Amino acid sequence: MKPVLDFSKELQRKLVDGKTFDQALAELRMSGASIVDCIASVRNFHKCSLEEAKRRVELSPAWADVRKATEDSFRDLTGEPKP
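In terms of my numbering, the sequence shown is numbered consecutively and its last residue is 84.
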């Protein structure tokens with residue numbers, strides 16, 4: 002497993018430059034950030050819970066296509082039972 006990278010400073014720069022949250026996440030993804038990197042970055046930037054950061058990232062158009070694929074992985078991380 003590759004280490005999680007924190008792009009929260011890059012996320013902040015994009016938002017300060019006038020990008021929307023969704024545009025900033027899309028640019029992070031295009032630059033090579035993984036969904037896990039984006040979740041960690043949103044969590045660090047917004048000082049929110051892991052669940053809230055995950056929700057914000059997965060509901061963004063930038064990551065909507067992988068939402069289903071990450072649900073089981075997230076359940077494994079949090080210890081939630083699978084449906």
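The C-beta atom is built at its ideal place from N, Cα and C for all residues, glycine as well.
All values reported here derive from a predicted model rather than from experimental measurement.
Query	Result
For the alpha helix (DSSP H) holding Leu26, just list the boundary residues, first then last.	Phe22 to Met31
Roughly how many whole angstroms lie between the Cα atoms of Asn45 and Asp7?	8 Å
Which residue wins for smallest C-alpha separation from Ser32, given the options Ala63, Glu72, Val67 and Asp77?	Ala63
How far does the alpha helix (DSSP H) with Val37 in it extend, from its first residue to its last?	Ile36 to His47
In the DSSP assignment, find the unbroken alpha helix (DSSP H) run with Ala54 in it and report its ends.	Leu51 to Glu59
Note down the Cα distance separating Arg56 from Gly19, rounded to an integer number of angstroms.	22 Å
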